[in-house]
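Under the working numbering, residues 2 to 179 are what the sequence shown spells out, in order. Have a look at the structure below before the remarks.
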Amino acid sequence: MGNNLALIATFGVDDFTGTTLSEAVDVLKEKFHLKGEYFGNFSPPLLNARDGQFYADAMLFHLTKIKPPSAVAILGITPYDIYSDGLNFVFGVASPHYRAAVVSYARLLTPDRELFISRVRKEVTHEMGHVFGLEHCTTPGCVMNFSNSLYEVDLKSENFCDRCRKKLEETLRGLGVI
């Protein structure tokens, strides 16, 4: 096994950050064979804040600048609502080129703890899937299904379909992770 370090940074913290970080570490290990380590808390880039939202791509850009060569990937987690170009909100964004992703749990919150954890796990898995080259998938239930609403997040599973899983394993092998 080669490089399997994935760093996790936060952009702000709240009462749900600990649970979210713990689930992210578990997902990185279970789905990607990566060792997740907390890298620190950073102020969210304020330059593009609008209507109480933060510009996801600015967070992603920041991660690309702080990711050390020793890490195979970096994941940012934020309690803040985020948006991206052309979209009024996103659950997350990713860059396969820089192997970086950001996930917001602002819209994933619910009083049902198990449902919240399921949503976090799905979105971390989805964005990290993009980090390792997976695109949106149309196979029903695949975690790589595009989600434009909580309904769509809840509808998909936490797992990759066979095609996406095989492509992910091939990529991770090529990187020396597995």
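Just so you know, even glycine gets a beta-carbon here, dropped at the ideal spot from N, CA and C.
| Asked | Found |
| --- | --- |
| Beta-carbon proximity list for Q54, same chain, < 8 angstroms, skipping 5 on both sides | Y81, D82, I83, Y84, F90 |
| Separation of N4 from Y106, as counted between CA atoms | 28 angstroms |
| Alpha-carbon to alpha-carbon, L8 and E38 | 5 angstroms |
| Alpha helix (DSSP H) segment containing K32, residue limits | 18-33 |
| Residue environment, T139, which counts as buried when at least 16 other CB atoms sit within 10 Å | exposed |
| Run of the alpha helix (DSSP H) containing G130, from where it starts to where it stops | 114-132 |
| Which of helix, strand or coil DSSP assigns to A101 | strand |
| C-beta atoms of T126 and V144 nearer than 8 angstroms | yes |
| Reference V132; option with closest CA among K66, T172, D52 | T172 |
| Proximity of H137 and N146 at Cβ, strictly below 8 angstroms | yes |
| Local Cβ density within 10 Å of E124, reported as buried at 16 or more and exposed below that | buried |
| When D52, R108, A74, D113 are compared against L35, the one with the closest alpha-carbon | A74 |
| 6 angstroms Cβ shell around E170 - same chain, five flanking residues per side excluded | none |
| Cβ of Y106 within 8 angstroms of any chain D Cβ | Structure shown: chain D not included; a single protein chain is present. |
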